[in-house]
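Residues in the sequence shown are numbered consecutively from 22, following the working numbering.
Single-structure report; data block below.
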Amino acid sequence: THSLRYVYTATSGVPDFPEFVSLGIVDGMQIDYYDSNTKRVAPKQDWMAKTEGSDYWERQTQNSIGDEQTFKANIDVAKQRFNQTG
Numbered sequence: 022t023h024s025l026r027y028v029y030t031a032t033s034g035v036p037d038f039p040e041f042v043s044l045g046i047v048d049g050m051q052i053d054y055y056d057s058n059t060k061r062v063a064p065k066q067d068w069m070a071k072t073e074g075s076d077y078w079e080r081q082t083q084n085s086i087g088d089e090q091t092f093k094a095n096i097d098v099a100k101q102r103f104n105q106t107g
């Protein structure tokens, strides 16, 4: 059997660190990367870059942009509930 996991990190106000990062991981090996600075999903394994075409990477990028927006909204709600700013 195989495992596919995604790890998401959303931050607010952390200097020199993207507000959102997403990592795709198969069987413990990172296969792709997205962050809110680059706004692109990039392969982290040669076999992923060779196996998947540009349509795949564009779809993954659009999905990640949507994930980023959702996480950003959730952080805004949490900041409001806990009376945080910035």
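Cβ coordinates follow ideal geometry from the N, Cα and C atoms, glycine included.
This structure is a prediction, so every number in the text was calculated from the model and none was measured.
Assuming residue i and residue j form a contact by the criterion Cβ under 8 Å, report the distance between their Cβ atoms to the nearest whole angstrom.
i      : j     : result
Phe113 : Phe92 : The structure shown does not extend to residue 113, since the chain is modelled only from 22 through 107, so no value can be given for it.
Tyr27  : Gly49 : About 13 Å; that fails the 8 Å criterion.
Ser43  : Ser85 : 5 Å
Tell me which residues share the same chain as residue i and place their Cβ nearer than 6 Å to its Cβ, disregarding the 5 neighbours each side in the sequence.
i     : result
Gln51 : Leu44 and Lys65
Thr30 : Val42
What residues in its chain sit with their C-beta under 7 Å from that of residue i, if we drop five residues either side in the sequence?
i     : result
Thr32 : Phe38 and Glu40
Trp78 : Val62
Using DSSP with H/G/I as helix, E/B as strand and the rest coil, what is residue i?
i     : result
Val28 : strand
Can you list, in chain order, the residues of its chain with a C-beta nearer than 8 Å to that of residue i? Leave out the 5 residues immediately preceding and following it.
i     : result
Tyr56 : According to the sequence displayed, residue 56 carries Asp and not Tyr. So the list reads Pro39, Phe41, Val42 and Ser43, once near-sequence residues are dropped.
Ala70 : Pro64
TODO: Indicate whether the contact test is met: 3 or more Cβ pairs, each with one atom in the stretch 94 to 106 and one in the stretch 48 to 68, closer than 8 Å.
DONE: The stretch 94 to 106 is not in contact with the stretch 48 to 68.
Open item on the list: Ignoring anything shorter than 3 residues, give me the beta strand (DSSP E) runs that lie fully in the stretch 40 to 77, in order along the chain.
Closed with: Given a length threshold of 3 residues, each whole run of the beta strand (DSSP E) inside the stretch 40 to 77 is given here in chain order: 41 to 47 and 50 to 56.
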